[in-house]
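Participant:
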Ligand SMILES: Nc1nc2c(ncn2[C@@H]2O[C@H](COP(=O)(O)OP(=O)(O)OP(=O)(O)O)[C@@H](O)[C@H]2O)c(=O)[nH]1
Ligand SMILES: Nc1nc2c(ncn2[C@@H]2O[C@H](COP(=O)(O)OP(=O)(O)OP(=O)(O)O)[C@@H](O)[C@H]2O)c(=O)[nH]1
Ligand SMILES: [Mg+2]
Ligand SMILES: [Mg+2]
């Protein structure tokens, strides 16, 4: 049903009747990558790699070019030295504390609901912390998710100190023997210094209860976001040491190509993808599948 | 990102500096850099190409007066072109009907509900209207509560039906309520939806059919990338919207999506969102947006140094 015109069809068109990769094909490739939000510099990097490969291997046909492209893009994604995660499962730490951050409306709260569901299905006991005490009805929203997936939600009144909610949540997770605690935070634009400092504080407060917490700081990115996602990644990482990414709304026509440059530049792995609004619509990121979906 | 752009243009303008008139050769490198800068600003690929071609055509063969450099001339051409593309002056809402029905539509999380609240406040305080908000999102958890909280903040009543799962019925009942109780503007908030979600797109078409809105506002996140064209086009094909709203411009995005929307569907952008609070709403100014996309601050300072 998707209306995306695929890589393959475009490149095939440009390759018709040719035995080598010429400028027209590379132009086509540039268009395809840029319109997937891969960004100019990352696109140029990919094209340079392709050109080098082509110069080395001499003869290249469409299917070979496709294979090379996939390999090179996957290689860029793999440069953060991560292998894909295979389970919604966490070993060593108990409670394993996840703090979820990102700009406004990207899908943080929804991702938390869906992740809680996956973790619970995998046999973990999960508690959620309603540390967005700012946005209208944010606490109601996460409470409803808690009901929907059957996990506890620790909350205070709207307007209360988010760090205090985070503190309570982690404490409650320890007392209750929960396996995972997930802390929601209010959406904030990365250029707002006071709000970014607040995140640092929320993070530090949790360490007082569980040293080393939060173990996972998950930055949620919207697949329809363009090049600004790079700046989001830079600023949130600076404030909170982001160590995992979630890419949401991949069920739409946006391809989320910006994560290729991000994972290359910041060495932070994409861990989850959101593919819908329903409880089951969260998947573990798979490099090969992601790259394949670009080619579809 | 800004530094990056500055460096690029710096390099580009260096090529032109000290050359008397604009030729194919001395403009090519600059155009390439400008196109890259536009793409980094999330301007649509095709739009960026067409724009640089246009600027190049205008620039070619022009004699550069001794008083200005080729860089200055190019900057002026670029600024004029972009401002023209962004559509002259600000476009207001048509509020002549009573009640005026305004339907709010867009992708998930774009800022529709927040904008609905802001618009209600704006119409009440700046236009002397008596608005009614209608809670037409029956899907997102706590969507109705969210609008109710905002309604309270701006002191505008909210029509809601927590029992109903039928957005078409709710919207219709909301408009009827407005007529009966003498509200002269009805703002219908709707659930976020993807342009390719057939069922939900049919649903919002039916809401339009049932309420015959006078204004349909398409709400877009200013940080949107290349997909902005697809989404704007599909929503416009289905709804024939009367204007767009660009949200989250308080961030540091250059907002190239604005240009894409304007050039692809040729509908005016009517408002911009500049914050989470209810007063963070501005009417759209094409010239300001043009300089933001171009990073005019940077460009002007470059020209001054040239
Ligand atoms: N189609 C689709 N919609 C999604 C996905 N993830 C989240 N959404 C929707 O995006 C909208 C915003 O989601 P939220 O979870 O409220 O986003 P948030 O980041 O918590 O927002 P704030 O807390 O306001 O900053 C809602 O309509 C969600 O249903 C996804 O993967 N696909
Ligand atoms: N910084 C900033 N945040 C905004 C702006 N407009 C909306 N937001 C925030 O963006 C997030 C999403 O806004 P909503 O109004 O819930 O978006 P929506 O389109 O109604 O979302 P769905 O109904 O889930 O599709 C919230 O955190 C808002 O506070 C804006 O102009 N600036
Ligand atoms: Mg949230
Ligand atoms: Mg909403």
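Residue numbers (my numbering), protein chains in the order written: chain Y, 2 to 297; chain A, 4 to 309.
Just so it is clear, CB atoms sit at the ideal spot from N, CA and C, and this is done for glycine as well.
These numbers were taken from a predicted model, which means no experiment stands behind them.
Have a look at residue 214(A) and residue 174(A) and give me their C-alpha separation to the nearest angstrom.
Facilitator: Residue mapping note: residue 214(A) aligns to position 211 of the second chain, counting from 1. Residue mapping note: residue 174(A) aligns to position 171 of the second chain, counting from 1. Taking the straight line joining both Cα atoms gives about 7 Å.
Participant: Could you pull the start and end residues of the alpha helix (DSSP H) that residue 147(A) belongs to?
Facilitator: Within the second chain, the letter at position 144 stands for residue 147(A). Residues 146-157.
Participant: In the DSSP output, which residue or residues are listed as bridge partners for residue 134(A)?
Facilitator: By 1-based counting over the second chain, the position of residue 134(A) is 131. BP columns for residue 134(A) point to 188(A).
Participant: Less than 8 Å between the C-beta atoms of residue 276(A) and residue 117(A), yes or no?
Facilitator: Position 273 of the second chain holds residue 276(A). Position 114 of the second chain holds residue 117(A). For residue 276(A) and residue 117(A), yes; Cβs fall inside 8 Å.
Participant: Can you list, in chain order, the residues of its chain whose CB lies under 7 Å from that of residue 37(Y), leaving out five sequence neighbours each side?
Facilitator: Sequence index remark: in the first chain, residue 37(Y) carries index 36 (1-based). Hits under 7 Å: 256, 258 and 295.
Participant: With distances taken Cα to Cα, identify the nearest neighbour of residue 230(A) among 198(A), 248(A), 216(A) and 221(A).
Facilitator: Residue mapping note: residue 230(A) aligns to position 227 of the second chain, counting from 1. Nearest of 198(A), 248(A), 216(A) and 221(A) to residue 230(A), Cα basis: 198(A).
Participant: To test your reading of the DSSP string, which unbroken alpha helix (DSSP H) runs of 4 or more residues are found completely within the segment 150-230 of chain Y?
Facilitator: Qualifying alpha helix (DSSP H) stretches, in chain order: 163-177 and 194-208.
Participant: Could you check the C-alpha separation between residue 159(A) and residue 123(A) for me, to the nearest Å?
Facilitator: As a first step, residue 159(A) is located in the second chain; it is residue number 156 there, counting from the start. As a first step, residue 123(A) is located in the second chain; it is residue number 120 there, counting from the start. Computed Cα separation, rounded: 7 Å.
Participant: Using C-beta distances below 6 Å, list every residue in its chain close to residue 265(Y), excluding the 5 sequence neighbours before and after it, in chain order.
Facilitator: Counting from 1 along the first chain, the entry for residue 265(Y) is found at position 264. If we look at residue 265(Y) and ignore the five residues flanking it on each side, its Cβ neighbours are 77 and 80.
Participant: CB residue 283(Y) to CB residue 240(Y), shorter than 8 Å?
Facilitator: Mapped onto the first chain, residue 283(Y) falls at position 282. Mapped onto the first chain, residue 240(Y) falls at position 239. It is not a contact, given that the beta carbons lie outside the stated cut-off.
Participant: Pull up the distance between the alpha-carbon of residue 82(A) and that of residue 267(A), whole angstroms please.
Facilitator: In the second chain, the residue the question calls residue 82(A) occupies position 79. In the second chain, the residue the question calls residue 267(A) occupies position 264. So the alpha carbons of these two residues sit roughly 19 Å apart.
Participant: Indicate the three-state DSSP secondary structure (helix, strand or coil) for residue 23(Y) in the structure shown.
Facilitator: Numbered from its first residue, the first chain carries residue 23(Y) at position 22. Residue state, collapsed to three classes: coil.
Participant: Let me see if you follow: with CB-CB separation under 8 Å, is residue 140(A) close to chain Y or not?
Facilitator: By 1-based counting over the second chain, the position of residue 140(A) is 137. Between residue 140(A) and chain Y, the shortest Cβ-Cβ separation is not below 8 Å.
Participant: Considering only DSSP beta bridges, list what residue 275(A) is partnered with.
Facilitator: Walking along the second chain from the start, residue 275(A) turns up at place 272. 249(A) and 285(A), per the DSSP bridge assignment.
Participant: When you compare the CB positions of residue 246(Y) and residue 220(Y), do they come within less than 8 Å of one another, or not?
Facilitator: Locating residue 246(Y) in the first chain gives position 245, counting from the first residue. Locating residue 220(Y) in the first chain gives position 219, counting from the first residue. Cβ distance < 8 Å, so residue 246(Y) and residue 220(Y) count as in contact.
Participant: Give the interface partners of residue 192(A) over in chain Y, defined as CB-CB distance under 8 Å, in chain order.
Facilitator: The residue you call residue 192(A) lines up with position 189 of the second chain. Result: empty, since nearest Cβ-Cβ is about 12 Å, beyond 8 Å.
Participant: Cβ closer than 8 Å: which chain Y residues qualify as neighbours of residue 172(A)?
Facilitator: The residue labelled residue 172(A) in the question sits at position 169 within the second chain. Within chain Y, no residue comes near residue 172(A); the closest Cβ sits about 21 Å away, beyond 8 Å.
Participant: Taking all protein chains shown into account, do 16 or more other C-beta atoms lie within 10 angstroms of the C-beta of residue 205(A), making it buried, or fewer, making it exposed?
Facilitator: Along the second chain, read from residue 1 onward, the residue named residue 205(A) stands at position 202. With fewer than 16 other Cβ atoms within 10 Å, it is exposed.
Participant: Going by beta-carbon coordinates alone, are residue 39(Y) and residue 262(Y) separated by less than 8 Å?
Facilitator: Your numbering for residue 39(Y) matches position 38 in the first chain. Your numbering for residue 262(Y) matches position 261 in the first chain. Contact: yes.
Participant: My output table needs one value for residue 87(Y): the three-state DSSP class, helix, strand or coil.
Facilitator: The sequence position of residue 87(Y) within the first chain is 86, counting from 1. Residue 87(Y): coil per DSSP, three-state reduction.
Participant: Tell me whether residue 66(Y) sits in a helix, a strand or coil according to DSSP, three-state version.
Facilitator: Taking the first residue of the first chain as position 1, residue 66(Y) is located at position 65. Correct three-state label for residue 66(Y): helix.
Participant: Using a Cβ-Cβ distance cut-off of 8 Å, determine whether residue 37(Y) contacts chain A.
Facilitator: Position 36 of the first chain holds residue 37(Y). Output row for residue 37(Y): interface = yes.
Participant: At a cut-off of 7 Å, is residue 58(Y) close to ligand 4 when judged by its beta-carbon and the heavy atoms of the ligand?
Facilitator: One-based indexing of the first chain puts residue 58(Y) at position 57. Flag unset: Cβ of residue 58(Y) not near ligand 4.
Participant: Is there a Cβ of chain A sitting closer than 8 Å to that of residue 160(Y), yes or no?
Facilitator: Here residue 160(Y) corresponds to residue number 159 of the first chain, with the count starting at 1. No - not a single Cβ of chain A is within 8 Å of the one on residue 160(Y).
Participant: Please report the distance separating the alpha-carbon of residue 251(Y) from that of residue 156(Y).
Facilitator: Position 250 of the first chain holds residue 251(Y). Position 155 of the first chain holds residue 156(Y). So the two alpha carbons sit approximately 30 Å from each other.
Participant: Identify the continuous beta strand (DSSP E) that holds residue 142(A) and give its terminal residues.
Facilitator: Working through the second chain from its first residue, we reach residue 142(A) at position 139. Element bounds for residue 142(A): n/a, residue is neither H nor E.
Participant: Quick check: is any heavy atom of ligand 4 less than 7 Å from the C-beta of residue 195(A)?
Facilitator: The residue given as residue 195(A) occupies position 192 in the second chain. At least one heavy atom of ligand 4 is nearer than 7 Å to the Cβ of residue 195(A), so yes.
Participant: Candidates 274(Y), 279(Y) and 235(Y): which alpha carbon is nearest residue 104(Y)'s?
Facilitator: By one-based count along the first chain, residue 104(Y) stands at place 103. Shortest Cα-Cα distance from residue 104(Y) to any of 274(Y), 279(Y) and 235(Y) involves 235(Y).
Participant: Please list, in chain order, the chain Y residues whose beta carbon lies closer than 9 Å to that of residue 123(A).
Facilitator: As a first step, residue 123(A) is located in the second chain; it is residue number 120 there, counting from the start. Under the 9 Å cutoff, chain Y gives no residues; its nearest Cβ is about 13 Å from residue 123(A).
Participant: Hey, residue 217(Y) and residue 244(Y) are a contact pair by Cβ (cut 8 Å); roughly how many whole angstroms apart?
Facilitator: To locate residue 217(Y), count along the first chain from 1; it is residue 216. To locate residue 244(Y), count along the first chain from 1; it is residue 243. About 6 Å separates the Cβ atoms of residue 217(Y) and residue 244(Y), confirming a contact at the 8 Å cut-off.
Participant: Just to check my reading of the structure: residue 170(A) and residue 139(A) have Cβ atoms closer than 8 Å, yes? What is that Cβ distance to the nearest angstrom?
Facilitator: Working through the second chain from its first residue, we reach residue 170(A) at position 167. Working through the second chain from its first residue, we reach residue 139(A) at position 136. Indeed they touch by this definition, with Cβ atoms about 5 Å apart.
Participant: For the segment 107-122 of chain Y against the segment 146-154 of chain Y, do three or more pairs of beta-carbon atoms, one drawn from each stretch, fall closer than 8 Å, so that the two count as touching?
Facilitator: Cβ pair count under 8 Å is three or more, so yes.
Participant: In three-state DSSP terms, what is residue 94(A)?
Facilitator: Your numbering for residue 94(A) matches position 91 in the second chain. Note: residue 94(A) maps to coil in three-state DSSP.
Participant: Sorted by chain position, which residues of the same chain lie with C-beta nearer than 6 Å to residue 4(A)'s C-beta, five sequence neighbours on each side aside?
Facilitator: Within the second chain, numbered from 1, the residue matching residue 4(A) stands at position 1. Bear in mind that a pLDDT of 38 at residue 4(A), under 50, signals an unreliable position, so the number given afterwards is only what the model happens to contain. There are no such residues.
Participant: Is any beta-carbon of chain A found at less than 8 Å from that of residue 264(Y)?
Facilitator: If you number the first chain from 1, residue 264(Y) lands on position 263. Chain A, which has no Cβ nearer than 8 Å to the Cβ of residue 264(Y), makes this no.
Participant: Look up residue 109(A) in the DSSP assignment and say whether it is helix, strand or coil.
Facilitator: Against the second chain, residue 109(A) aligns to sequence position 106. Note: residue 109(A) maps to strand in three-state DSSP.
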